[in-house]
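Using our numbering, the letters of the sequence shown map in sequence onto residues 356 to 523.
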Amino acid sequence: MTQNLKIITLLSFVAMQTPTFLYAAPASNLYSTTFSILAYAKWQASTPKLCVVNQDNIAQQFKKHAPLHNKYDIQPIQSQEISKSNCQILIFSTLSAAQEQHTLNTQVRFPALSISLNNLECETGSAFCLYKKNDNYAFKVNMESLTQSQVHIDPRVLLLAKTSESNS
356 MTQNLKIITL LSFVAMQTPT FLYAAPASNL YSTTFSILAY AKWQASTPKL CVVNQDNIAQ
416 QFKKHAPLHN KYDIQPIQSQ EISKSNCQIL IFSTLSAAQE QHTLNTQVRF PALSISLNNL
476 ECETGSAFCL YKKNDNYAFK VNMESLTQSQ VHIDPRVLLL AKTSESNS
């Protein structure tokens, strides 16, 4: 059984008749939403490196909102530096979905979880895509990109997800 088939089989109880992405319940801000997702990941390093691509000010906000109980090495990074960075987490906010996908395909040769703040469809590009819904934040999961990330995510993160198309 291939890796993708194993993941799909494992998650079938959650994602019956679901497209390649899932929807999640809203949270109050994008930082708490992001750190909630990251809490379900298994990291090889005790202090995972979180890199915010092309946005120094957002990197500063992530540092400000980082949970005290989880340690992250939060750094701003330029997109052309990704291949040498060994970031375990990549936060995109300025690239299109196609640019995210190209960056992930050409520059990331290490396990790295990608999160987009600017990819509403979430059909290509990052594994997790945050979006604002009313006054809250929610996210979609791109299962293909999640598999490509090579980062182990506890399937319980998907219990937050809703497969209702009415959320789109």
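Beta carbons are placed, not taken as given, at the ideal position from N, Cα and C, and that holds for glycine.
The continuous beta strand (DSSP E) containing I470 extends over residues L468 to S471.
In this structure H507 does not touch A394 by the C-beta definition: roughly 13 Å separates them, more than the 8 Å allowed. DSSP, reduced to helix, strand and coil, places D509 outside both helices and strands of the structure shown, so it counts as coil. Q410 sits away from I444, with the two beta carbons spaced by 9 Å or more. Ranked by Cα distance from T388, the first of S500, A467, K488 and E476 is K488. Counting only residues of its own chain and dropping the five nearest sequence neighbours on each side, Q462 has a CB closer than 6 Å to the CB of I437 and S438. In this structure, S500 places its C-beta atom within 9 Å of the C-beta atom of Q456. D428 is bridged by DSSP to K404. With respect to the C-alpha of V408, the residue from W398, I392, T458 and H424 having the closest C-alpha is T458. The DSSP-derived three-state label of L393 is helix. Residue state for L475 is assigned as coil, using DSSP reduced to three classes. Here K426 is not near T449, since their CB atoms are 9 Å or more apart.
Rounded to the nearest whole angstrom, the CA to CA distance from N474 to F494 is 10 Å.
For N460, the enclosing alpha helix (DSSP H) starts and ends at A452 to Q462.
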